[in-house]
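Numbering (the numbering used here), first residue to last: 13 to 332.
Heads up, the beta-carbon is just placed ideally off N, CA and C, and yes, glycines get one too.
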Amino acid sequence: MLKHRLTFGPILILGLLLVFWLDGWLDHVELEGSMKRLFMDRSHLPSGLAFFALGLAVLPPAAWELTRIFRANHIMASLRMTTFAAVFGYMIHFIIPSETEPLSAVAVVCTGLVIMFVFALAWYSRDQNVEGVVAAAGGTMFAMIYLGLMLGFLLAIRRWNSPWLIVSIVLTTKSCDIGAYFTGRWLGRHKLIEWLSPKKTWEGLIGGLLTSTGVALLLCWWGQTLDPMVDVDGTMMPLGYEVREGLRYQLHFHPLLAGVAGFLFGLTGQAGDLTASLLKRDAGIKDSSSVIPGFGGVLDVLDSPLLVAPLAYWMLRLAG
């Protein structure tokens, strides 16, 4: 397993960097003619298109793995419905205009949840068979929230931020997994939650948190120049952005804030990992699948960032 992790881990990181490089490059594409009319007279493409496409690519296999977990728990989950719910929840973040008032945005999300719940009940009872309908509809709602809405928080962050901020969040979160794995492997003696995740140790958790905090501080020290996402008129931008050199602005993080963020991202990411372990253990399976050698399935890779995404969003909002 370690050999596979050392082989495929860098490949995943490189792929992530390439996607977000493309995502940032697309922010500079100017629209003209029919393309401009297609995007409602915008001068540039909407931010986050490559990341949006990445989400659409990973959600179907993640939904397949979640459907497998549901069925192992004797829930008559439909792969099509689970996938649709996950994509629907994800797209809600994309279609809500960035200038929408907070209460209106909340209303849109709640309306989407209601629509999906009613549709799921109708879908699973279409054969006039009521057995297991409520459980299956509940699984559909879980897929919409756990996969779609939670991953969509990263898309919401991307609206007003450089793609490299998303990379920083993901790398900080996953660095805790890496630190916990190696520290636990070398020094682990005291079990963390043996009944849920037998291999996790307190030593591994401490090592992981130190790693994520260190990575966050390193990224803070390294700094990042953020590319413009929208037309800038010389005013202060949301979330701490300050216009610099015409169309460039920079987000300044205090080292203390970065350290706290790294610690909280690591801790929340471990909670996300344990959440996925709870789902799999309840279903009687070890990994969600084996599509990524050394890591398991897509859910095994996404479990920690999924839970961190809402935390990162609100930390950025409060910091701004």
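Secondary structure of residue 212 (DSSP, three-state): strand. Separation of residue 169 and residue 197 (C-alpha to C-alpha, rounded to the nearest whole angstrom) is 34 Å. For residue 107, no beta strand (DSSP E) encloses it; the enclosing alpha helix (DSSP H) starts and ends at 91 to 107.
Your pair residue 311 and residue 78 checks out as a contact, with CB atoms roughly 7 Å apart and the cut at 8 Å.
Sorting 91, 162 and 110 by C-alpha distance to the C-alpha of residue 321 places 162 at the top.
Taking the CA atoms as reference points, residue 175 sits about 9 Å from residue 31. Two segments are said to touch when three or more pairs of C-beta atoms, one from each, lie closer than 8 Å; by this definition the segment 268 to 288 does not touch the segment 57 to 70. Inter-segment contact for the segment 145 to 159 and the segment 117 to 137 is present: three or more beta-carbon pairs are separated by less than 8 Å. Residue 282 sits buried, since 16 or more C-beta atoms from the chains shown fall within 10 Å of its C-beta. A distance below 8 Å separates the beta carbons of residue 292 and residue 300. Ranking 70, 34 and 151 by CA distance to the CA of residue 85 puts 151 first. About 12 Å separates the beta carbons of residue 98 and residue 132, which is beyond the 8 Å limit, so they are not a contact pair. Assignment of residue 284 by DSSP, reduced to helix, strand and coil, places it in the helix class.
Apart from the 5 residues on each side of it in sequence, residue 41 sits with its Cβ closer than 8 Å to the Cβ of 56 and 57 in its chain, given in chain order.
Look at residue 60 here: in three-state DSSP terms it is coil, with no helix or strand label. Residue 306 sits in coil when the DSSP states are folded into three classes, being neither helix nor strand. Counted as a single uninterrupted DSSP element, the alpha helix (DSSP H) harbouring residue 169 occupies residues 162 to 171.
Judged by pairs of C-beta atoms under 8 Å, the segment 204 to 215 does not touch the segment 226 to 234, as fewer than three such pairs exist.
Across the structure, residue 103 and residue 17 are spaced so that their CA atoms are roughly 31 Å apart. Shown here for residue 26: not one same chain residue has a beta carbon closer than 8 Å to its own, the five before and five after excluded. Residue 44 has its alpha-carbon roughly 39 Å from the corresponding atom of residue 233.
Shown here for residue 221: same chain residues with a beta carbon closer than 7 Å to its own, the five before and five after excluded, namely 188, 275, 278 and 279 in chain order. A check of alpha carbon separations from residue 159 across 64, 71 and 50 identifies 71 as the nearest. Bridge partners of residue 205 according to DSSP: 209.
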